[in-house]
Amino acid sequence: MSDDPFPATPKHSVLIHYGLGDAQVSWLGAEEIGRALNAYMFESNVAEYNETLFGFQFIPDSKVINVTQFPGSHLIQGWNFNEPQVPFVNRPPDCADDTHEFTRRQATAIQANHVFWTQGLIYNACNGSCNGEPTEISEKDYVNKFKFDAINHRPHLKPGILKPPQRV
Numbered sequence: 001m002s003d004d005p006f007p008a009t010p011k012h013s014v015l016i017h018y019g020l021g022d023a024q025v026s027w028l029g030a031e032e033i034g035r036a037l038n039a040y041m042f043e044s045n046v047a048e049y050n051e052t053l054f055g056f057q058f059i060p061d062s063k064v065i066n067v068t069q070f071p072g073s074h075l076i077q078g079w080n081f082n083e084p085q086v087p088f089v090n091r092p093p094d095c096a097d098d099t100h101e102f103t104r105r106q107a108t109a110i111q112a113n114h115v116f117w118t119q120g121l122i123y124n125a126c127n128g129s130c131n132g133e134p135t136e137i138s139e140k141d142y143v144n145k146f147k148f149d150a151i152n153h154r155p156h157l158k159p160g161i162l163k164p165p166q167r168v
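Numbering (the UniProt record's numbering), first residue to last: 1 to 168.
Below is the structure:
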């Protein structure tokens, strides 16, 4: 995708966010994609209880990557919602504890996505480990914070909602 793209195709940069306890999409799948992309991971990234995070380029939480200067840069970042440990058998977490929708509704995830799309910067909006709240942003508030850019097919935050990161 970025090391050997199709002819006349620029390198792509990818930002992957996942939530521990997701009953619909396993964090393990996100980590596999991240390893395949040779993605960066912040040193404070959350792990699933006794999981050892491996196969990533760990970077300091203060690091800011400009993907316009370094195209093909990728980052994977997880959010912890203090859900019960995922079973060590081949079954998903309990649906009652499903965190699938939580990650994208965190103000920190929204801010990180917005800065990535509009400024081409990857940074740690959590300033350390990402610990989320299930009800931080309701569906109505989430939808109201975005307007849809039909030309570029991506959402943009309405002006004045979030502050950009400090460049390091």
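In this text, a Cβ means the ideal position worked out from N, Cα and C, and glycines have one as well.
How about residue 16 and residue 39: are their beta carbons less than 8 Å apart? Against the sequence shown, residue 16 aligns to sequence position 16. Against the sequence shown, residue 39 aligns to sequence position 39. In contact: residue 16 and residue 39 (Cβ atoms closer than 8 Å).
Would you tell me roughly how many angstroms separate the C-alpha atoms of residue 129 and residue 45, rounded to the nearest one? The residue given as residue 129 occupies position 129 in the sequence shown. The residue given as residue 45 occupies position 45 in the sequence shown. Each residue's Cα considered, the two are about 5 Å apart.
For residue 9, count neighbouring C-beta atoms within 10 Å of its own C-beta (all shown protein chains included) and say buried if the count is 16 or more, exposed if not. As a first step, residue 9 is located in the sequence shown; it is residue number 9 there, counting from the start. Result: exposed.
Got a sec, what are the start and stop residues for the alpha helix (DSSP H) residue 115 sits in? If you number the sequence shown from 1, residue 115 lands on position 115. If you look at residue 115, you'll find it in the alpha helix (DSSP H) that goes 107-119.
Among 101, 120, 121 and 75, which one has its Cα closest to the Cα of residue 30? On the sequence shown, position 30 is the one that residue 30 refers to. Cα-wise, what sits closest to residue 30 is 75.
Using a threshold of 8 Å, state whether the C-beta atoms of residue 19 and residue 35 are closer than that. The residue you call residue 19 lines up with position 19 of the sequence shown. The residue you call residue 35 lines up with position 35 of the sequence shown. Contact annotation: residue 19 and residue 35 have beta-carbon atoms that are not nearer than 8 Å.
Local conformation of residue 78 per DSSP, three classes: Translated into the one-based positions of the sequence shown, residue 78 becomes position 78. In this structure, residue 78 counts as strand in the three-state DSSP scheme.
Check the DSSP bridge columns for residue 131 and list the partner residues they point to. In the sequence shown, counting from the first residue as 1, residue 131 sits at position 131. Assignment of beta-bridge partners to residue 131 by DSSP yields 80.
Within a Cβ cutoff of 6 Å, which residues of the same chain sit near residue 109, ignoring the five residues on either side of it in sequence? In the sequence shown, residue 109 corresponds to position 109, counting from 1. The answer, listed in chain order, is 17 and 103.
What is the C-beta distance between residue 169 and residue 14, in whole angstroms, given that I count them as a contact (C-beta under 8 Å)? Nothing can be reported for residue 169, as the shown portion of the chain is limited to 1 through 168.
If distances are taken between C-alpha atoms only, which option among 95, 120, 4 and 47 comes closest to residue 131? As a working mapping, residue 131 is identified with position 131 in the sequence shown. Comparing Cα positions, the closest option is 47.
Tell me which residue opens and which closes the beta strand (DSSP E) that residue 19 is part of. Locating residue 19 in the sequence shown gives position 19, counting from the first residue. Start and end: 14-19.
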